[in-house]
Each structure stands twice: as C-alpha cells, then as structure tokens.
Amino acid sequence: MASIPSRRPEIPGARRPVRRRCRLPSPADGSAERFREALERAKLDAMKELAYGAGHEINNPLANIAARAQSMLKRETDAEKRRWLEVIHRQAMRAHEMIADLMLFARPPAMERAPVDVWALVQQSADEHRAEAEKAGIVLRTSTSADEDPVWADATQLAVALGAVIRNAIEAIGENGAIEVCVRDAPGWRVIEVHDSGPGISEAVRPHLFDPFFSGREAGRGLGFGLSKCWRIVTDLGGRVEAASPPGGGAVLSLWLPIDR
1 MASIPSRRPE IPGARRPVRR RCRLPSPADG SAERFREALE RAKLDAMKEL
51 AYGAGHEINN PLANIAARAQ SMLKRETDAE KRRWLEVIHR QAMRAHEMIA
101 DLMLFARPPA MERAPVDVWA LVQQSADEHR AEAEKAGIVL RTSTSADEDP
151 VWADATQLAV ALGAVIRNAI EAIGENGAIE VCVRDAPGWR VIEVHDSGPG
201 ISEAVRPHLF DPFFSGREAG RGLGFGLSKC WRIVTDLGGR VEAASPPGGG
251 AVLSLWLPID R
C-alpha cells in the first residue's frame, strides 16, 4: 500500500498567507480607554433595550395579578385568606415598581427643564424621608453654602434622583446613624452631596455602583435600580454622579448639576 504524504504538496502560484503584526491598544495613545468606553456603551444600550422590552411584557400580567388580588380582598371575609391576598397584592405592586424603575432607566421621559431652587428641593426631599430615617434611629440633616441662583433642570426628575440616593443611604446605615445632605457650589456646578455614616463603598463595589443589574447587597448598596435611576437622570440633565468613601468612614454620593443652560 502506498504511503500517504504527511504534508500537502505545494501548489505552484498559490498565495501564501500574509502575516501582519496586530497593533494592540496601548494606554499611551488612549485607544484602550476608548475601546473600553465604546464597549461599555454598547453593553448599556443592549441592556436598555432588553430592560424596556421585558418590562413592557411583564408589567401587564403583574397589573392583572394585583387587580385580581385587590378585587378578591373586597369580597373575602376569612382573616387568613385576606392576609395571603394582601401579601400577593403587596408583592405584585413591589414587582411593578421595580419594573417601572427598570423601564425608566431604559427610556427615561423627556426632561421638562425650568429654573429649579436646589436648596428648596433638598429640604423638601429630606422632609419626605425624615420619618423613615427617624424610625431607624437615623438623624437626617441638611445644610447649604451655595448661592440662591436656580439651576436649569427638571424638578420632578431631580427629586426622584435625590430621593433614590437618600433611601440608599438609609438602607446602607440600617440603624442608628446620620445622613447630611449638603448643597455647595463649584465653578460652573451646583453640587448636592449626601453624606452617610454607613459602612462605606468597597473598591470592588465602586465600579459597579450604578450598574442596573449589579447588587452590592453585602455592602448594603446597589439594591434595586435606585442608584442606576439617579445616574441616568443626572446624566440626562448634563451632570454626573460621583461616589467616594472618606478615610473616616461612611460614604459620599455627589450629584453635579450644571449651573448654565
């Protein structure tokens, strides 16, 4: 039997593969950072579309469950059955609120900008959350060193963003602590800072703090979509959100709002 050649015979005139050196992104020219940012934007866009589509489909059966449970509650007289129906209704509404947050992150409403008194908005938001804080033994204070000039923003959406940060601070502390919401000015910016005496933000959690699908439950932060919602609203207003853990403990979340239109 004839032996089989171990190599293919070369075909005259065949083109040999061209070998080129691949130029890897280098930190020096910033291409690696640009690639990372582009990848993050693509991932975020994909998550937003998935979130909006899934949220729309899930919301309809949730609304049906909540409505049926509420209707049955009106007719039910048995105490045990009423208790279970209340649980069903409450959990369905909780899921509905989470889906609403998810859809808001995916496609927020158009901003209705107008002059906003940031200090008045901070005081109002603090008043709305003070009872919840005091129930947990948390002191909630406010202070300002900023000018009285208003900023150009959507007051309703900004209140939603700030409320999410304050609730996150309450959850992070748990019991017995302090929260201070400060307003200050920086060149071109009005800054709202929420200081809390909680456990701080670890280096592992910080890069993912505003990710909608990341849970920093072990750190008491990143629960649900609150901070993601805050980040999306402030970003759409032309601002930014920053997080820090001071050396003395606790955490500071800062909402930077442009003063100019």
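full-length UniProt numbering puts the sequence shown at residues 1 to 261.
C-beta: ideal position from N, C-alpha, C; glycine also.
- Here Val139 is bridged, per DSSP, to Ala178.
- Look at Thr77 here: in three-state DSSP terms it is coil, with no helix or strand label.
- Closest option to Ser254, judged by alpha-carbon separation, among Ala161, Glu175, His129: Ala161.
- Residue pairing by DSSP puts Ser254 in a beta bridge opposite Glu193, Glu242.
- In the DSSP assignment, Ala153 falls within the beta strand (DSSP E) that extends over 151-153.
- By DSSP's assignment, Thr144 forms a beta bridge with Val183.
- When rounded, the separation of the alpha-carbon atoms in Asn59 and Ile99 is 7 Å.
- For Val234, the enclosing alpha helix (DSSP H) begins and ends at 226-236.
- Where Val116 is concerned, the enclosing beta strand (DSSP E) starts and stops at 114-116.
- By the C-beta criterion, the stretch 229-248 is judged not to be in contact with the stretch 128-142, since fewer than 3 inter-stretch pairs fall below 8 Å.
- With a 10 Å radius around the Cβ and a threshold of 16 neighbouring Cβ atoms, Asn64 comes out exposed.
- Straight through space, the alpha carbons of Leu121 and Val183 are spaced by roughly 11 Å.
- Taken atom to atom, the span from the alpha-carbon of Leu62 to that of Ala95 is near 8 Å.
- Secondary structure of Arg34 (DSSP, three-state): helix.
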